[in-house]
Every structure is written in structure tokens, then in C-alpha cells.
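S.K.: The listed protein sequences correspond, in order, to chains A and B.
Take the first sequence: its letter number 191 is residue 190 in numbering that gives the first Met the number 0, and every next letter is one higher.
Take the second sequence: its letter number 95 is residue 94 in numbering that gives the first Met the number 0, and every next letter is one higher.
We treat Cβ as the ideally placed atom computed from N, Cα and C, and that holds for glycine.
Everything numeric in this text was worked out from a predicted model, so none of it was measured.
The structure under discussion is supplied below as C-alpha cells; questions concerning it will follow.
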Amino acid sequence: MAVDPAARNARLAELIARVALADQRAFAELYQQTSSHLFGVALRIVRERGIAEELLQEAYVNVWHHAGSYVAERAQPTTWLTAIVRNRCLDHVRKRDLDTVSMTRDADDDAPELSLPDGGPGPAEMLLAGADAHAIRECVERLEGGSRQAIALAFFQGLTHSELAQHLAQPLGTVKSWIRRGLERLKVCLERAEITG
Amino acid sequence: MNLSRPDRARRLDLVAAEYALGTLPARARARLDRVARGDAVVSRAMRDWERRIALLADGAAPIQPPPRVWTSLARRLGFDDISDVAPWWRRLGFWRPFALASFAAAFALAVALLAPVAPTETVVVVLAGPDARPALLASVPRGERVLAVKALSPVAVPAGRALELWMLPGQGAPRSLGLIPAAGTGQVRLPAAPEQAFRGIDALAVSLEPAGGSPTGLPTGPVLYTGRLERL
Numbered sequence: 000m001a002v003d004p005a006a007r008n009a010r011l012a013e014l015i016a017r018v019a020l021a022d023q024r025a026f027a028e029l030y031q032q033t034s035s036h037l038f039g040v041a042l043r044i045v046r047e048r049g050i051a052e053e054l055l056q057e058a059y060v061n062v063w064h065h066a067g068s069y070v071a072e073r074a075q076p077t078t079w080l081t082a083i084v085r086n087r088c089l090d091h092v093r094k095r096d097l098d099t100v101s102m103t104r105d106a107d108d109d110a111p112e113l114s115l116p117d118g119g120p121g122p123a124e125m126l127l128a129g130a131d132a133h134a135i136r137e138c139v140e141r142l143e144g145g146s147r148q149a150i151a152l153a154f155f156q157g158l159t160h161s162e163l164a165q166h167l168a169q170p171l172g173t174v175k176s177w178i179r180r181g182l183e184r185l186k187v188c189l190e191r192a193e194i195t196g
Numbered sequence: 000m001n002l003s004r005p006d007r008a009r010r011l012d013l014v015a016a017e018y019a020l021g022t023l024p025a026r027a028r029a030r031l032d033r034v035a036r037g038d039a040v041v042s043r044a045m046r047d048w049e050r051r052i053a054l055l056a057d058g059a060a061p062i063q064p065p066p067r068v069w070t071s072l073a074r075r076l077g078f079d080d081i082s083d084v085a086p087w088w089r090r091l092g093f094w095r096p097f098a099l100a101s102f103a104a105a106f107a108l109a110v111a112l113l114a115p116v117a118p119t120e121t122v123v124v125v126l127a128g129p130d131a132r133p134a135l136l137a138s139v140p141r142g143e144r145v146l147a148v149k150a151l152s153p154v155a156v157p158a159g160r161a162l163e164l165w166m167l168p169g170q171g172a173p174r175s176l177g178l179i180p181a182a183g184t185g186q187v188r189l190p191a192a193p194e195q196a197f198r199g200i201d202a203l204a205v206s207l208e209p210a211g212g213s214p215t216g217l218p219t220g221p222v223l224y225t226g227r228l229e230r231l
């Protein structure tokens, strides 16, 4: 895993800058460097291969047209790219929820399929795996079990509050407060880590 | 207004967090997007949370998108010469798209190396060491009761030692598949037809054993490589 994250991010920022100048080769390299990660992110949220492919494509179209708005001082390239893909996928699944759920408000009969496309590690492990390289591993570990699990499921699989409640067999209010408390703690802990780290 | 300000800040922070996490319903998402366009404080809160949340995204296993995503993306953007821009993955176009949990790029490379025989495989495993670099490729030719093993680069095996290949079931002890060569290609015979032999098997591993294989029937030496079983 020898690629130095700082060097990788510097390279990606450079590629994005060149994409802003309509450099097709830079765009191809950017795609090559980032598409597997971003496809993994997309597929976990939308869970349908064809749609994930379409959304990934749209996200890259977005990147091609808006690379000029990327400001390196504000966000790491991977953060920026991940946010574009996640937001597109989340918009999609939330709109789909709206279409399918609006008739049956409690959504109980609309159980999402929770299996992952590849039967890989569970969301909680992925949360820790992602946290591995950063000081945030500690922050994630410090979350209570319920908070950690709910945040992991919401994050990696794009579940809504009611889907989470159903999946975790907990009342909606409990799940909401797990998420809220978890996010608040995560923020405090991450901010401390950013300052000291 | 002054009195409610701290409360408003806290609420905004929470909404921004749930936006980034993805738990906001569609209408609230759309509303926040709209507000953020004209409100720097709101968009700042959202960006801050996207940054925090993105740190967690590193944990998701990468999955190689099929080549057609790039091809149609390039077409959609009106790129001049797609084949010139994307020389390497275009060559994988023959390959049926499939989910891949790890070593995505390495896997594509391995498949390219195997191009003449690859389309008939049923089970493929890329074995890699702790550095995640692929070292061995194991695959079952369709309809056969053997596992073909190819060393992607020669493995340095000390004198008097040998490489032994193991099946790792979801539950229970590893099962030996026999010894494999340290360079070039080799074959190990499967104990049953591939569907049965690999039932419940999640991964393969290679350990370093005394010449002739593990005396105990279980791995005794260090595990050098592991790889997830991919069924195609």
C-alpha cells in the first residue's frame, strides 16, 4: 500500500487543475486513479450496478465541467470527488425513496435489500478500516456500539433513519439519537485530532 | 434573533452532518442544496462535514467499474480519440464486467495477462502479500477439476522449503490443496468438482512450509499471500 497519501493527493490536485483546462489525458488519468474507489462508494449506496455505473458517469461529467471550481485549499481532491459521487448517489436513492415510499409513510413493507454486492467486510469494519490511516480511528472506536453501527450503515449503504431502525430493530427515536450523538462526538473528536495532529 | 443564534448554529451543524452522512430525506436535501447556494455559512457547514465524512470513505473496498463506463463517458464528453486517451482498460473490453472487492487494478492486469484463456474461467483468485501487490493468480478452467496457478513474479523460496496452497472456509480449519511452484505455472488437483470443492470457501492462502508440505495438515509456516475467491 506504499503510495504516500500526501503525494497522491498532490498528484490528484494537479490532475484536476489540468482537467479544468480541458486536458483529456489528465482526465483519463484522474479516472484511472479514482474510479475504483468512487465506484465502490457509489455501489454501496445505490446497490444496483447499472445505476451505479450511470451515476458514476454523471459524477465524472460533473468533474469535467466543474474542475475549475475545485479549490485545493478548501478540500483534499479525494474529499471533493467523494462528495460529488456520494451526493449524486444520495440524491438518487432519496428521490427513489420518495417515489416508492410516499404512499406508505411508515415504509415498513419496503425493506431494502441489505446484502452487499461482494459479501465483503461489514460497514462497521469498513468504518474502522477507513479510519486506520488517520487519527480518526480512535474517534470511531470511541463511539458507542449503537452509534457506530448506525453511522456505518447510513454512511456505507445509504440507509435512511427508518431503514436503519428497521435493520437494527430499534425504535426510530433511538436510532436518530444514536446518529445525532455519534455525529456530535465524531466532530468534537475529529476537531481535536486536526488541531493536535 | 440573537437569542436563537447558538441554537440555529447547532441545528445547522446537525442538518449539514446528516446531509453529508446521507440520512436526510429528499426534500430536506434539496432544500439545503438550495439554501447553500446563497448562504456561505450553510455551504461552509456542509463542506466541513463532507470533509470529515470523506475521511471515513477510505474504508470502502474499491470496485473496478466495467470498461464501458469510461467508453461512454469519453463519448459523452466528445473526446477526440478515445482509444488514444484510454489505451489500457479498453483492451479489457472483452471481459465480462464483475464485482471485485479488492486489488481491482491488479486484477485487471492479471486478467490481461491471462487474456487467451480468461474468458472460460469460473473461479479466479488473485493472491497478494501484505503490500497488496498481486503475486499469484489461481483459476479454474471451466469444466475441469484442477486449479491452475500462475506466479505473476517468481517467489523467493528458501532451500528446503515449499509453497503450500490452502482453501480458507468461512468456518473451520484451512484445507490444503497441495504444493505449488514458486515460478511459472502449475496445477493442483481439486478434491471434488469445483462447485463442491469451493462451497463455503471464501479465500485462498499460500504459506511457507517444509519441503514436501506441512507435516501437520495445517499451515505451520508464515502465510505469504491471501486472496478472496471470485466466482464468475
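To the nearest angstrom, how far is it from the Cα of A149/A to the Cα of R184/A?
M.R.: Counting from one through the first sequence, the residue named residue 149/A turns up at place 150. Counting from one through the first sequence, the residue named residue 184/A turns up at place 185. The straight-line gap from Cα to Cα measures roughly 14 Å.
S.K.: At what residue ranges does the region 22-64 of chain B contain a whole run of the alpha helix (DSSP H), taking only runs of 4 or more?
M.R.: Listed in chain order, they are 25-37 and 39-56.
S.K.: Pick helix, strand or coil for V156/B, following the three-state DSSP scheme.
M.R.: Position 157 of the second sequence, counted from the first residue, corresponds to residue 156/B. Note: V156/B maps to coil in three-state DSSP.
S.K.: Over what stretch of residues does the beta strand (DSSP E) that includes Q165/A continue unbroken?
M.R.: For the purposes of this step, residue 165/A is taken as the residue at position 166 of the first sequence. Careful: Q165/A lies outside any beta strand (DSSP E), inside the alpha helix (DSSP H) at H160 to L167.
S.K.: Hey, out of V60/A, S34/A and S176/A, whose CA is closest to R147/A's CA?
M.R.: Looking up residue 147/A in the first sequence gives position 148. Per the Cα distances, S176/A.
S.K.: Between the C-alpha atoms of D12/B and R180/A, what's the straight-line distance to the nearest angstrom?
M.R.: Sequence index remark: in the second sequence, residue 12/B carries index 13 (1-based). Sequence index remark: in the first sequence, residue 180/A carries index 181 (1-based). Roughly 12 Å between the two C-alpha positions.
S.K.: State yes or no: is the beta carbon of E163/B nearer than 9 Å to at least one beta carbon in chain A?
M.R.: For the purposes of this step, residue 163/B is taken as the residue at position 164 of the second sequence. E163/B does not count as touching chain A.
S.K.: Beta carbons nearer than 7 Å to chain A: which residues of the region 164-197 of chain B have them?
M.R.: Result list empty, no residue passes.
S.K.: Quick check: the region 213-223 of chain B against the region 177-197 of chain B, are at least 3 beta-carbon pairs closer than 8 Å?
M.R.: Result no; under three Cβ-Cβ pairs closer than 8 Å.
S.K.: How far does the beta strand (DSSP E) with Q31/A in it extend, from its first residue to its last?
M.R.: Against the first sequence, residue 31/A aligns to sequence position 32. Taken as a continuous stretch (DSSP letters only), Q31/A belongs to no beta strand (DSSP E), being part of the alpha helix (DSSP H) at Q23 to V45.
S.K.: What residues of chain B sit near L14/A, judged by a beta carbon separation below 7 Å?
M.R.: The count along the first sequence starts at 1 and reaches residue 14/A at position 15. Result: empty, since nearest Cβ-Cβ is about 13 Å, beyond 7 Å.
S.K.: Do R36/B and L89/A have their CB atoms nearer than 9 Å?
M.R.: Within the second sequence, the letter at position 37 stands for residue 36/B. Within the first sequence, the letter at position 90 stands for residue 89/A. Taking 9 Å as the Cβ cut-off, R36/B and L89/A do not qualify as a contacting pair.
S.K.: In three-state DSSP terms, what is E183/A?
M.R.: Counted from its first residue, the first sequence places residue 183/A at position 184. Note: E183/A maps to helix in three-state DSSP.
S.K.: Would a check of beta-carbon distances place T22/B closer than 9 Å to chain A?
M.R.: By one-based count along the second sequence, residue 22/B stands at place 23. At least one chain A Cβ lies under 9 Å of T22/B.
S.K.: Give a yes or no on whether 9 Å exceeds the smallest Cβ distance from Q169/A to chain B.
M.R.: Residue mapping note: residue 169/A aligns to position 170 of the first sequence, counting from 1. No, no contact with chain B.
S.K.: Kindly list, in the order they appear in chain B, the residues whose Cβ is closer than 9 Å to that of V60/A.
M.R.: The count along the first sequence starts at 1 and reaches residue 60/A at position 61. In chain order: L72, R75 and L76.
S.K.: Select from E57/A, V92/A and V40/A the residue whose C-alpha is nearest the C-alpha of A151/A.
M.R.: The residue labelled residue 151/A in the question sits at position 152 within the first sequence. If we check each option's Cα against that of A151/A, V40/A comes out closest.
S.K.: Buried or exposed: which applies to D3/A, given that a residue is buried once 16 or more other Cβ atoms fall within 10 Å of its Cβ?
M.R.: Counted from its first residue, the first sequence places residue 3/A at position 4. When all chains shown are included, D3/A counts as exposed.
S.K.: Taking three-plus beta-carbon pairs below 8 Å as touching, is the region 47-67 of chain A in contact with the region 69-77 of chain B?
M.R.: Touching, per the Cβ criterion.
S.K.: Check the Cβ-Cβ distances between R30/B and every residue of chain A, and say whether any is below 9 Å.
M.R.: Position 31 of the second sequence, counting from 1, holds the residue named residue 30/B. Not closer than 9 Å to any Cβ of chain A, the Cβ of R30/B fails to qualify, so no.
S.K.: Any Cβ of chain A within less than 9 Å of the Cβ of Y139/B?
M.R.: Sequence index remark: in the second sequence, residue 139/B carries index 140 (1-based). The amino acid at residue 139/B is misidentified as Tyr; the sequence shows Val. Taking Cβ atoms only, chain A never reaches closer than 9 Å to V139/B, which makes this a no.
S.K.: Answer yes or no: does any C-beta atom of chain B fall closer than 9 Å to that of R10/A?
M.R.: As a first step, residue 10/A must be located in the first sequence, where it is residue number 11. It does not; no Cβ of chain B falls within 9 Å.
S.K.: For the beta strand (DSSP E) containing P4/A, list its first residue and its last residue.
M.R.: As a first step, residue 4/A is located in the first sequence; it is residue number 5 there, counting from the start. Counting along the chain, P4/A falls outside any beta strand (DSSP E), though it belongs to the alpha helix (DSSP H) covering P4 to A19.
S.K.: Taking only beta-carbon atoms, is S63/A less than 9 Å away from chain B?
M.R.: Numbered from 1 along the first sequence, position 64 holds the residue referred to as residue 63/A. The amino acid occupying residue 63/A in the given sequence is Trp; Ser does not appear at that position. It does; some Cβ of chain B falls within 9 Å.
S.K.: Flag D12/B as yes if its beta-carbon sits less than 9 Å from any beta-carbon of chain A, otherwise no.
M.R.: Here residue 12/B corresponds to residue number 13 of the second sequence, with the count starting at 1. It does; some Cβ of chain A falls within 9 Å.
S.K.: Quick check on G226/B: buried or exposed, where buried means 16 or more other Cβ atoms within 10 Å of its Cβ?
M.R.: Position 227 of the second sequence holds residue 226/B. G226/B comes out buried.
S.K.: Taking the alpha carbon of V124/B as the reference point, which residue from S138/B, R132/B and R67/B has its own alpha carbon closest?
M.R.: Start at 1 with the first residue of the second sequence, and residue 124/B comes out as number 125. The candidate whose alpha carbon is nearest that of V124/B is S138/B.
S.K.: Who are W177/A's beta bridge partners in DSSP?
M.R.: For the purposes of this step, residue 177/A is taken as residue 178 along the first sequence, with counting starting at 1. Looking at the DSSP assignment, W177/A forms no beta bridge with any residue, so it has no partner.
S.K.: Within 10 Å of its beta-carbon, does D252/B have 16 or more other beta-carbons around it, so buried, or fewer, so exposed?
M.R.: Because chain B spans 0 through 231 in this model, residue 252/B falls outside it and cannot be assessed.
S.K.: Distance cutoff 9 Å, beta carbons only. Does E140/A sit that close to anything in chain B?
M.R.: Stepping through the first sequence from its first residue, residue 140/A is reached at position 141. Chain B contact via Cβ: absent.
S.K.: Can you tell me where the beta strand (DSSP E) holding A202/B begins and where it ends?
M.R.: Here residue 202/B refers to the residue found at position 203 when the second sequence is read from its first residue. A202/B -> beta strand (DSSP E) spans I200 to P209.
S.K.: What are the residues in the region 146-163 of chain A lying within 8 Å of chain B by C-beta distance?
M.R.: Listed by position along the chain: I150, A153, F154, F155, G157, L158, T159, H160 and L163.
S.K.: Would you report the Cα separation of E17/B and S35/A, rounded to the nearest angstrom?
M.R.: Reading the second sequence from its first residue, position 18 is the one you call residue 17/B. Reading the first sequence from its first residue, position 36 is the one you call residue 35/A. Whole-angstrom Cα-Cα distance: 25 Å.
S.K.: Just verifying my parser: in three-state terms, what is the DSSP assignment at A74/A?
M.R.: In the first sequence, counting from the first residue as 1, residue 74/A sits at position 75. Coil.
S.K.: Hey, does P133/B have any beta-carbon neighbour from chain A nearer than 9 Å?
M.R.: For the purposes of this step, residue 133/B is taken as the residue at position 134 of the second sequence. Chain A, which has no Cβ nearer than 9 Å to the Cβ of P133/B, makes this no.
S.K.: Taking C-beta to C-beta, are L176/B and L207/B nearer than 9 Å?
M.R.: Locating residue 176/B in the second sequence gives position 177, where the first residue counts as 1. Locating residue 207/B in the second sequence gives position 208, where the first residue counts as 1. No, Cβ-Cβ distance for L176/B and L207/B is not below 9 Å.
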